[in-house]
Amino acid sequence: MMTKARAFLSFSIFGLFFCFYLLTTQQKGISQVTGKLKGWELKGNEILLELCGENKEFPHGIYALDPFAPNPKLRLLVKGGRRPVWSPKRRFVAYLRNDSLWIIDRKGNFAWMWDSFLSNLGFHDPPVVWTWKEGFLVVWRISSWGGTVLYQSDEAPKEGEEWHPFVPLVVMPLKRRLPEKPLPNKGSIRWDDLLCFNNPTASPDGKYVAAEVYPSGPEDLRRAESKILVYERCPPEEMELWWQLKGQTFKGKGRRLTNLGEGVTELRPLWSPTGEWIAFTVVHWKDGYVAPAVIRPDGSDYTELLSKHAPSASISLGSKWEPVVPLDKDNPARLPAYNLPQWGQPHVYPVEWSEDGRFLLLNMGKRYQHIQCARWDGKRWWVMGVAGRMGTGFAGLKFVAWGPGSFLAIVPDITPEIWITEARTDEKWRWRTITMPEGVWIEWMDW
99 MMTKARAFLS FSIFGLFFCF YLLTTQQKGI SQVTGKLKGW ELKGNEILLE LCGENKEFPH
159 GIYALDPFAP NPKLRLLVKG GRRPVWSPKR RFVAYLRNDS LWIIDRKGNF AWMWDSFLSN
219 LGFHDPPVVW TWKEGFLVVW RISSWGGTVL YQSDEAPKEG EEWHPFVPLV VMPLKRRLPE
279 KPLPNKGSIR WDDLLCFNNP TASPDGKYVA AEVYPSGPED LRRAESKILV YERCPPEEME
339 LWWQLKGQTF KGKGRRLTNL GEGVTELRPL WSPTGEWIAF TVVHWKDGYV APAVIRPDGS
399 DYTELLSKHA PSASISLGSK WEPVVPLDKD NPARLPAYNL PQWGQPHVYP VEWSEDGRFL
459 LLNMGKRYQH IQCARWDGKR WWVMGVAGRM GTGFAGLKFV AWGPGSFLAI VPDITPEIWI
519 TEARTDEKWR WRTITMPEGV WIEWMDW
């Protein structure tokens, strides 16, 4: 008689391949579409919002707001639309409506549609992840085996050209070589053979991809083992059989980005727009803290972006640039923690690079509670608190997004308004506020 454990494993493996079948069959709903939305014309500097509420003049949907206009006004783009996101060069917008994923250019021309789009999105998850060359991919968080990725396009077409036909690429790394045509019903692929490929980020030239890679398992239970690996893109004829199903887009097994050993977890890599740095989150289990880190793509110049105030993790930084200081209790430049031991503190991680690559947004605590900004001056890294010093009683922030250049927009959690500033290398940041109409709430923001 089969034991309960073996029965569960057999069912889960069956579920894995059923989910893969579901993913591939969904691709039948992908199509290139034509047509145009009236009133859509965008300049590229607008803040994109999903609004809802009790004000009948502003029905639920996607709105554009030009923050640089003398009198900024909301403009309805897509009634019922959700989660709009700009592409990096602001040529395209991706959004959800009903159960479909749409891509449209900023002139209002439909470019692409995926019907019956399914994805287990978290509160801050965008519908697609854009590459710096304006290709895009979809991150699937499948409960049967964990995070994986569908590559849809390497780059966007040039002006006046159409999107190339999409070839769905399910990215699933393997830990061992398999036959050309494995037979799932004979158990040729097991959980232990598969690796999750999560939260990918592409280099600006599109030649490399960095991602979280960790053993497969239900509900992403083994994500704590994640390490960041860098893979080289290559044409199919140069592929080595370390990738299975339809994910053969990379060459070889990948290269570990850091030399931090096995005692850490590495999460959420973010390649800078200039290509000079990869930011990521590092969890130090033995020492009990979480830090934002930056490193060169070749693995050099590893730096944790923590100030001397890091042990005092119950407060945020003030609005003054301070140099980063290694988290060393014997370092005379570091301030002592108020209450020892401060297990689990500091807890700071990177969020997003500014469009010009000059600044890196950080967050401390829950997303978002205390935001910080980091910058590289060519010799060393500096960090500063954003929006002043915030106590633990602050309700927090709902959304934060970089705009054109180094402009920054913030939506607070308690009031329907947008705070706007421009990041500077000095401390003279100037803020202004745009308030939503009465009865209108912000459900999503991207800039």
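With this note's numbering applied, the sequence shown has no gaps in its numbers, which climb one by one up to 545 at the end. For every residue, glycine included, the Cβ atom is placed at its ideal position computed from N, Cα and C.
Given a threshold of 16 other Cβ atoms within 10 Å of its Cβ, counted over all protein chains shown, does TRP383 qualify as buried or as exposed? The residue given as residue 383 occupies position 285 in the sequence shown. Exposed, since its Cβ has fewer than 16 Cβ neighbours within 10 Å.
Cutoff 8 Å; reference LEU495; Cβ partners in own chain excluding five residues on either side: Numbered from 1 along the sequence shown, position 397 holds the residue referred to as residue 495. Around LEU495: TYR466, GLN467, ILE469, ILE508, VAL509, PRO510 and ASP511.
Cβ atoms of ALA391 and ALA377: under 8 Å apart, would you say? To locate residue 377, count along the sequence shown from 1; it is residue 279. To locate residue 391, count along the sequence shown from 1; it is residue 293. Between ALA377 and ALA391, the gap from beta carbon to beta carbon is short of 8 Å.
For THR531 versus GLU515, is the C-beta distance shorter than 8 Å? As a first step, residue 531 must be located in the sequence shown, where it is residue number 433. As a first step, residue 515 must be located in the sequence shown, where it is residue number 417. For THR531 and GLU515, yes; Cβs fall inside 8 Å.
If I measure Cβ to Cβ from TRP542 and keep anything under 6 Å in the same chain, skipping five residues before and after, which residues do I get? As a working note, residue 542 is residue 444 in the sequence shown. Cβ neighbours of TRP542 beyond the five flanking positions: GLU148 and ARG181.
On the three-state DSSP scale, how would you describe VAL419? Taking the first residue of the sequence shown as position 1, residue 419 is located at position 321. The amino acid occupying residue 419 in the given sequence is Trp; Val does not appear at that position. Under the three-state reduction of DSSP output, TRP419 falls in the coil class, being neither helix nor strand.
Measuring alpha carbon to alpha carbon, tell me which of THR363, GLU402, GLY483 and LYS141 ends up nearest SER324. For the purposes of this step, residue 324 is taken as the residue at position 226 of the sequence shown. Residue THR363 holds the alpha-carbon nearest to the alpha-carbon of SER324 among THR363, GLU402, GLY483 and LYS141.
Give the C-beta separation of GLY304 and VAL328 to the nearest angstrom, bearing in mind that I take them to be a contact with Cβ-Cβ under 8 Å. Within the sequence shown, numbered from 1, the residue matching residue 304 stands at position 206. Within the sequence shown, numbered from 1, the residue matching residue 328 stands at position 230. By a beta-carbon distance limit of 8 Å, GLY304 does not contact VAL328. Their separation comes to about 13 Å.
Would you report the Cα separation of PRO421 and HIS222, rounded to the nearest angstrom? Position 323 of the sequence shown, counted from the first residue, corresponds to residue 421. Position 124 of the sequence shown, counted from the first residue, corresponds to residue 222. Each residue's alpha carbon lies about 30 Å from the other.
Can you check DSSP and say which residues form a bridge with PRO390? One-based indexing of the sequence shown puts residue 390 at position 292. THR379.
Three-state secondary structure (DSSP) at PRO535? Along the sequence shown, read from residue 1 onward, the residue named residue 535 stands at position 437. Under the three-state reduction of DSSP output, PRO535 falls in the coil class, being neither helix nor strand.
Decide if ALA192 is buried, meaning its Cβ has at least 16 other Cβ atoms within 10 Å, or exposed. Residue 192 sits at position 94 when you count from the first residue of the sequence shown. Taking every protein chain shown into account, the CB of ALA192 has 16 or more other CB atoms within 10 angstroms, so this residue is buried.
The segment 197-216 in contact with the segment 148-168 per 3-pair CB rule at 8 Å: No, they do not touch.
Contact belief for PRO502 with ASN143 at Cβ below 8 Å, rounded distance in angstroms: Taking the sequence shown and counting its residues from 1, the one referred to as residue 502 is at position 404. Taking the sequence shown and counting its residues from 1, the one referred to as residue 143 is at position 45. Contact holds; Cβ gap of about 5 Å.
Look at GLU253 and PHE190 and say whether their C-beta atoms are less than 8 Å apart. Stepping through the sequence shown from its first residue, residue 253 is reached at position 155. Stepping through the sequence shown from its first residue, residue 190 is reached at position 92. Not in contact: GLU253 and PHE190 (Cβ atoms no closer than 8 Å).
Pull up the distance between the alpha-carbon of ILE393 and that of GLY206, whole angstroms please. Translated into positions along the sequence shown, residue 393 becomes position 295. Translated into positions along the sequence shown, residue 206 becomes position 108. If you take the alpha carbons of ILE393 and GLY206, they lie about 39 Å apart.
Burial state of TRP238 (16 or more Cβ within 10 Å): Sequence index remark: in the sequence shown, residue 238 carries index 140 (1-based). Burial is judged here by how many other beta carbons sit within 10 angstroms of a residue's own beta carbon; TRP238 has at least 16 and is buried.
Inter-residue spacing [alpha-carbon to alpha-carbon] between TYR161 and LEU194: Within the sequence shown, numbered from 1, the residue matching residue 161 stands at position 63. Within the sequence shown, numbered from 1, the residue matching residue 194 stands at position 96. So the alpha carbons of these two residues sit roughly 13 Å apart.
When DSSP labels each residue in this structure, what does PRO58 get in the three-state scheme? Residue 58 is absent from the structure shown; the chain starts at 99 and stops at 545.
Using a Cβ-Cβ cut-off of 6 Å (strictly less than) and excluding sequence neighbours within five positions of GLU402, which residues of its own chain qualify? If you number the sequence shown from 1, residue 402 lands on position 304. ALA389 and ALA391, listed in sequence order.
Less than 8 Å separating the beta-carbons of PRO558 and LEU319? Past the boundaries of the shown model lies residue 558; the chain is included only from 99 to 545, so the question cannot be answered.
Quick check: what's the CA-CA separation for ARG204 versus LEU140? Counting from 1 along the sequence shown, the entry for residue 204 is found at position 106. Counting from 1 along the sequence shown, the entry for residue 140 is found at position 42. ARG204 and LEU140: Cα-Cα distance of roughly 5 Å.
Alpha-carbon spacing of TRP539 relative to THR523, whole angstroms: Against the sequence shown, residue 539 aligns to sequence position 441. Against the sequence shown, residue 523 aligns to sequence position 425. Their Cα atoms are separated by approximately 33 Å.
Can you list, in chain order, the residues of its chain with a C-beta nearer than 7 Å to that of LYS177? Leave out the 5 residues immediately preceding and following it. The residue given as residue 177 occupies position 79 in the sequence shown. PRO157 and GLY159, listed in sequence order.
Using a Cβ-Cβ cut-off of 7 Å (strictly less than) and excluding sequence neighbours within five positions of ASN218, which residues of its own chain qualify? Position 120 of the sequence shown holds residue 218. Counting only residues of its own chain and dropping the five nearest sequence neighbours on each side, ASN218 has a CB closer than 7 Å to the CB of ARG239.
Throw me the rounded Cβ distance for the THR356 and LEU365 pair, which I believe falls under 8 Å. Residue numbering aside, residue 356 sits at position 258 when the sequence shown is read from its first letter. Residue numbering aside, residue 365 sits at position 267 when the sequence shown is read from its first letter. The pair is not a contact, with the Cβ atoms about 12 Å apart (cut-off 8 Å).
First through last residue of the beta strand (DSSP E) which encompasses THR372: Reading the sequence shown from its first residue, position 274 is the one you call residue 372. That residue, THR372, is in no beta strand (DSSP E); it is neither H nor E in DSSP.
Please check the pair CYS471 and MET462, which I expect to be a contact at CB under 8 Å, by giving their CB distance rounded to whole angstroms. Against the sequence shown, residue 471 aligns to sequence position 373. Against the sequence shown, residue 462 aligns to sequence position 364. The pair is not a contact, with the Cβ atoms about 12 Å apart (cut-off 8 Å).
Can you grab the Cα-Cα spacing for the pair GLU374 / ASP396, in whole Å? Here residue 374 refers to the residue found at position 276 when the sequence shown is read from its first residue. Here residue 396 refers to the residue found at position 298 when the sequence shown is read from its first residue. Approximately 10 Å, taken between the alpha carbons.
For a test of the three-state rule: what should DSSP assign to GLU520, helix, strand or coil? Residue mapping note: residue 520 aligns to position 422 of the sequence shown, counting from 1. GLU520: strand per DSSP, three-state reduction.
Determine the direct distance from the alpha carbon of TRP210 to that of TRP228, and round the result to whole angstroms. Within the sequence shown, numbered from 1, the residue matching residue 228 stands at position 130. Within the sequence shown, numbered from 1, the residue matching residue 210 stands at position 112. C-alpha separation (whole angstroms): 14 Å.
Boundaries of the beta strand (DSSP E) in which SER398 is found, first to last residue: For the purposes of this step, residue 398 is taken as residue 300 along the sequence shown, with counting starting at 1. No beta strand (DSSP E) holds SER398; DSSP gives it neither H nor E.
Whose C-alpha, out of VAL381, GLU310 and SER314, is nearest the C-alpha of LEU292? The residue labelled residue 292 in the question sits at position 194 within the sequence shown. That would be SER314, whose Cα lies nearest to the Cα of LEU292.
Grouping DSSP H, G and I as helix and E and B as strand, with all else coil, what is ALA408? If you number the sequence shown from 1, residue 408 lands on position 310. Assignment of ALA408 by DSSP, reduced to helix, strand and coil, places it in the coil class.
Taking only three categories from DSSP, how would you classify ASP290? In the sequence shown, counting from the first residue as 1, residue 290 sits at position 192. Looking at ASP290 - three-state DSSP - the assignment turns out to be helix.
Pick out the complete alpha helix (DSSP H) segments inside the segment 199-232, 4 residues or longer, and give them in chain order. Runs found: none.
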